[in-house]
Amino acid sequence: MTPMQKSELMAKIENADPVQGASLQGVDLSGARLGGAVFENVDFRGCAMAGASFADSILSKCRLDGASLLGALMTGATLHESSACDVDLSDSVCVGFNAVQSRFDGSSFSRADLTEANFIQCSLAGARLAGARAVQLSLVETRTEAIDLSDMLLFKSVVVQADLSAADLRGCRIDQSVMSKVRLAGQRLAGADWQRSQFMEADLEGGDLSSAQLQQCNFKGATLTDANLVKAKAANTLFIESRCERMDGSGADFFQSIWSDARLDDARFIGARLEQAMLHRARCLRAGFARANLVYADFSHADVSGADFEGASWERTKFHQARRAGVRLPAGASILYEDPELAAAEAWSPVDPPAKER
């Protein structure tokens, strides 16, 4: 790797020549205009580059560890197979920034603008994104252990297969985002504001989401075993095929929520609002629905054996072909049991077509 001075670097950029195999380690590039350039196997370690511009530049197999890029302009820049650990990118503008197979462990993006930024197969372990703007941000197959996402807004963003179980999520708002297969087990997230977002197959086992805002979210296939959703606001939320054994949703608002094929064994919905909720084929063994609002709720084909419905509110609550072993439902209440016509329709199948003549 050949040592290079700032003047040589600027001359190459001025002539639109690629910068290859150069060492700029420790060089002061503060405020330098390095945009639109191609850097391959260049060493920027320890460089002072506050306020510099890498707009629309391509950096491949470069090293930027320990560099200062405070307030830098990284719009449209691409990093590929590069290392940028312990870099200060606080207050930087990273709109449309793309990083592929690169490392940012311990780096700071605090208060950075990460609008439409993409991190694909990268590492952000221990990185700090506190207060960053994340509109349409993508984190795909990226390491995120101990990442700091505090006080940031994830809006229309995509996070796939990230481990956020040790992340700092205090004050992190999630709105209209996809959080697919993320690991959030054990997180303390009381009062979190996560609305209109997708948490398909997410792991929230043992997490605390008490009093959280979860309206219109989708937890299809998610794990909420032993989770605390006491007094959560989860109207119009989907829990289809979710694992919710021993989950506590007491006092929560689950208006028009859908729990089809969910596993709710020993779950607690004491005093919860399940008005117009759909629990088709849900397994609710020994679940607690005492004093719950079950007006127009539908338990068709569910298994509520051993469940407690003491003091629940009823109005055309449906138990069509539900298993109710050991359950006492109040006589004279507005409860709909087996519907023969519906059962016949469900059992109907077309007549087998005649065999074709040979």
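Residues 6 to 363 in our numbering are what the sequence shown lists, from first letter to last. Glycine included, each C-beta is placed from N, C-alpha and C at the ideal position.
If you check the beta carbons only, do residue i and residue j fall under 7 Å apart?
i: S318; j: V332; result: no
i: A77; j: F102; result: no
i: V43; j: P23; result: yes
i: R248; j: R273; result: no
i: A151; j: A167; result: no
i: Q30; j: G51; result: yes
i: A37; j: M9; result: no
i: S35; j: G56; result: yes
i: T120; j: V105; result: no
i: L334; j: A307; result: no
Within a Cβ cutoff of 7 Å, which residues of the same chain sit near residue i, ignoring the five residues on either side of it in sequence?
i: G111; result: C90, D91, G131 and A132
i: M184; result: V164, S202, Q203, F204 and A207
Would you kindly work out how many angstroms separate the C-alpha atoms of residue i and residue j, rounded to a whole number?
i: L341; j: V187; result: 39 Å
i: F160; j: F260; result: 25 Å
i: S310; j: K238; result: 27 Å
i: R108; j: W353; result: 58 Å
i: F294; j: A348; result: 26 Å
i: Q192; j: A232; result: 10 Å
i: D208; j: L279; result: 23 Å
i: T230; j: L243; result: 16 Å
i: I125; j: L75; result: 23 Å
i: R296; j: Q218; result: 22 Å
i: G176; j: G226; result: 26 Å
i: T228; j: V145; result: 21 Å
i: I18; j: T83; result: 17 Å
i: C67; j: D180; result: 35 Å
i: V100; j: D344; result: 58 Å
i: D266; j: A327; result: 13 Å
i: S305; j: E351; result: 12 Å
i: C222; j: A257; result: 14 Å
i: D118; j: A240; result: 32 Å
i: H85; j: F224; result: 34 Å
i: G41; j: S65; result: 14 Å
Using only CA atoms, which one of the options lies nearest to residue i?
i: R138; options: L144, D156 and I125; result: D156
i: E246; options: N233, V235 and M205; result: M205
i: G211; options: G254, G176, Q221 and D198; result: G254
i: S182; options: R193, Q200, L334 and G191; result: Q200
i: T80; options: L39, D70 and E45; result: L39
i: G276; options: N241, G316, A190 and D118; result: G316
i: R329; options: D313, E346 and L189; result: D313
i: D303; options: A336, A338, I263 and L334; result: I263
i: E45; options: S87, Q221, G256 and D96; result: S87
i: A190; options: L169, P335 and H285; result: L169
i: S128; options: A336, L142 and T149; result: T149
Short of 8 Å in beta carbon distance, which residues of its chain neighbour residue i, apart from the five on each side in sequence? Order them along the chain.
i: A135; result: S115, R116, D153, L154, S155, D156, M157 and D173
i: D270; result: E250, R251, R288, C289, L290, R291 and A292
i: D213; result: Q192, R193, L194, A195, A232 and N233
i: Q220; result: Q200, R201, K238, A239, A240, N241 and T242
Report all residues from its chain with a CB closer than 6 Å to the CB of residue i; omit the five preceding and five following residues, and keep chain order.
i: K11; result: V32
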